[in-house]
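Colleague: For any residue, its number in the numbering used here is found by taking its place in the sequence shown, counting from 1, and adding 2.
Glycine included, C-beta positions come from ideal geometry on N, C-alpha and C.
Supplied in structure tokens, the structure appears directly below.
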Amino acid sequence: MNKFIYKCFDLKLVKQIHSNLKKGEIKVKAENPDDLWYLSTLIEPRDMVKGKTIRKIKLGEKEERKANIIKKPVFLKIETEKIEFSKTSNTLRVSGKIKEGPEDIRLDSHHTFNVEENSIITIIKEKWLKYQLDKLKEACSENISKILIVVHDREEANFALMKKYGYELLANIKGSVQKKADSEQIKGNFYPEIIKQIKGYDEKYKLSQIIIASPAFWKEDLMKGLNDEELKPKIILATCSSLGRNGINEVLKRPETIQALKQDRISKEINSVEALLEEISKNELAVYGIKETENAAYAGAVKELLITDTLIRKSRDENRYEKIDAIMNTVEQTKGSVLIISSEHEGGKKLNGLGGIGGILRYKLNY
């Protein structure tokens, strides 16, 4: 029997994934919120999910109004119908009909797995597609950087931590650096406060890199007040024209940032969306929208398929996922690649504006 094991440690999808692809089984242990996002893109309707879960059991007869309800740990197997991921509560809910379980639990009754950090489940598919296995390997990759982005001027600073599905805004602080004559003077406690925040995040998250960006020369002035020799090698300076989310999104497209993020998924996603938009602007090797992308996929013309997690979730909720799944399958069968784009960053939002799906083509189609 063809049986193999992926092993990965630290902040990865699982400490161990036991895989038996002849049976279509992969056993996973989620270890952080990023992992739950990955699983939400991998688990599909009709997949079987099994594992230990908590089930409410009613004691007494159905007619008894005051019958006690207890929560009991049980081992169940369900056929997936609905997948819901919440980044605010850091939970993944997988709902469906029970197909295997203890004798006292009725088959085909409904149950929901609440998958959280440290949950262990087994996912069973009829067939694991290449992009899904690639996504598992990506989740297990040890090249996951902890990168802090700081965008600031002399009155405001925004801090964001890179995540696998986008970035998390950590803080926004305001202050002032007094201006004297024609030169900028570092006075008051604003720049020192920015540096203090950076040091605090470095200690908390064990940062691998820190990208500091600003309009004009504010970042250089900030660096004059940084005397931490251990922190300095981690810092990359970049330029931006605005602050807040717009500034962070701008920084993510800067060449110096792309170089720092070259091992990270978000950078690849943003670059792929930008490549798609460029081809669209030239009216050349690109399609977008479900119908046009479907036609290109069946013609074998799609080199890289881009699809947002929002479209996947929406198609599941509206019972039209089969068409989306067929497009992804067709692209893989014709030697194309599939890239699921997070809607949490600018690239995903732009792709959602095009219908949530698009393709970079091998050759131009003439309809």
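Could you give the distance in angstroms between the alpha-carbon of K305 and the alpha-carbon of C142?
Modeller: For the purposes of this step, residue 305 is taken as residue 303 along the sequence shown, with counting starting at 1. For the purposes of this step, residue 142 is taken as residue 140 along the sequence shown, with counting starting at 1. Each residue's Cα considered, the two are about 25 Å apart.
Colleague: Quick check on the DSSP output: the beta strand (DSSP E) that includes T332 runs from which residue to which?
Modeller: Along the sequence shown, read from residue 1 onward, the residue named residue 332 stands at position 330. No beta strand (DSSP E) contains T332, which is instead part of the alpha helix (DSSP H) from Y323 to Q335.
Colleague: Do K148 and L239 have their beta-carbon atoms positioned less than 8 Å apart in this structure?
Modeller: Residue 239 sits at position 237 when you count from the first residue of the sequence shown. Residue 148 sits at position 146 when you count from the first residue of the sequence shown. Cβ atoms of L239 and K148: not closer than 8 Å.
Colleague: Return the Cβ separation of R318 and P47 in integer angstroms, given the expectation that the two are a contact with Cβ distance under 8 Å.
Modeller: Within the sequence shown, residue 318 is the residue found at index 316, counting from 1. Within the sequence shown, residue 47 is the residue found at index 45, counting from 1. Confirmed, about 6 Å.
Colleague: Alpha carbon to alpha carbon, how far is S269 from K166? Give it in angstroms, no decimals.
Modeller: As a working note, residue 166 is residue 164 in the sequence shown. As a working note, residue 269 is residue 267 in the sequence shown. Each residue's alpha carbon lies about 10 Å from the other.
Colleague: When you compare the region 350–367 with the region 110–118, are there three or more beta-carbon pairs, one atom per stretch, that lie closer than 8 Å?
Modeller: No, because fewer than three Cβ pairs between the region 350–367 and the region 110–118 fall closer than 8 Å, the two stretches do not touch.
Colleague: Under the assumption that S42 contacts I85 (Cβ atoms under 8 Å), give the Cβ distance between them as a whole number of angstroms.
Modeller: On the sequence shown, residue 42 is found 40 positions in, with the first residue counted as 1. On the sequence shown, residue 85 is found 83 positions in, with the first residue counted as 1. Right, their Cβ atoms sit about 6 Å apart.
Colleague: As an exercise, report each continuous beta strand (DSSP E) stretch of at least 3 residues that is fully enclosed by the region 90–164, in chain order.
Modeller: Qualifying beta strand (DSSP E) stretches, in chain order: 93–102, 112–117, 122–126 and 149–154.
Colleague: Hey, could you find the ends of the alpha helix (DSSP H) N34 is sitting in?
Modeller: Along the sequence shown, one-based indexing puts residue 34 at 32. First-last for N34: undefined, no H or E at that position.
Colleague: Let me check understanding here. Comparing Cα to Cα, which of Q199, L38, R267 and V152 lies closest to S244?
Modeller: By 1-based counting over the sequence shown, the position of residue 244 is 242. The shortest C-alpha separation from S244 is found at V152.
Colleague: In whole angstroms, give me the CA-to-CA distance for I362 and Y169.
Modeller: Indexing the sequence shown from 1 puts residue 362 at position 360. Indexing the sequence shown from 1 puts residue 169 at position 167. Near 26 Å, if we compare the C-alpha coordinates of Y169 and I362.
Colleague: Taking the DSSP output, what are the residues bridged to I80?
Modeller: One-based indexing of the sequence shown puts residue 80 at position 78. Its beta-bridge partners are V51 and I100.
Colleague: Write down the C-beta distance between W39 and F87 rounded to the nearest angstrom, noting that I regard them as a contact closer than 8 Å.
Modeller: Stepping through the sequence shown from its first residue, residue 39 is reached at position 37. Stepping through the sequence shown from its first residue, residue 87 is reached at position 85. Yes, W39 and F87 are in contact; Cβ-Cβ is about 6 Å, under 8 Å.
Colleague: Quick one: what does DSSP say R57 is sitting in, helix, strand or coil?
Modeller: Taking the sequence shown and counting its residues from 1, one reaches residue 57 at position 55. Looking at R57 - three-state DSSP - the assignment turns out to be strand.
Colleague: In chain order, what residues of the same chain lie with their CB nearer than 6 Å to the CB of I371, ignoring the 5 residues before and after it?
Modeller: Past the edges of the chain, shown from 3 to 369, lies residue 371, and the structure says nothing about it.
Colleague: When the distance is taken between beta carbons, is G249 closer than 8 Å to A277?
Modeller: Within the sequence shown, residue 277 is the residue found at index 275, counting from 1. Within the sequence shown, residue 249 is the residue found at index 247, counting from 1. No, the pair does not count as a contact, with Cβ atoms beyond the cut-off.
Colleague: What number of angstroms, rounded off, separates the C-alpha of E83 from the C-alpha of I126?
Modeller: Mapped onto the sequence shown, residue 83 falls at position 81. Mapped onto the sequence shown, residue 126 falls at position 124. Each residue's alpha carbon lies about 14 Å from the other.
Colleague: If I measure Cβ to Cβ from L61 and keep anything under 8 Å in the same chain, skipping five residues before and after, which residues do I get?
Modeller: Along the sequence shown, one-based indexing puts residue 61 at 59. Closer than 8 Å at the Cβ level, and outside the excluded window around L61, lie A69, N70, I71 and I72.
Colleague: Jot down the residue ranges of each uninterrupted beta strand (DSSP E) in the region 198–280, minimum 3 residues, whole runs only, in chain order.
Modeller: With a minimum length of 3 residues, the continuous beta strand (DSSP E) runs that stay inside the region 198–280 are 211–216 and 237–241.
Colleague: Would the beta-carbon of I100 fall within 8 Å of that of H113?
Modeller: Stepping through the sequence shown from its first residue, residue 100 is reached at position 98. Stepping through the sequence shown from its first residue, residue 113 is reached at position 111. Closer than 8 Å, so yes.
Colleague: Please classify K366: does DSSP put it in a helix, a strand, or coil?
Modeller: Numbered from its first residue, the sequence shown carries residue 366 at position 364. Coil, per DSSP.
Colleague: Is it right to say F161 is buried, meaning 16 or more other beta carbons lie within 10 angstroms of its own, or is it exposed?
Modeller: By one-based count along the sequence shown, residue 161 stands at place 159. Buried, because 16 or more other Cβ atoms sit within 10 Å of the Cβ of F161.
Colleague: Spatial neighbours of L109 within its chain, please: CB distance less than 6 Å, with the 5 preceding and 5 following residues excluded, ordered by chain position.
Modeller: Locating residue 109 in the sequence shown gives position 107, counting from the first residue. If we look at L109 and ignore the five residues flanking it on each side, its Cβ neighbours are I100.
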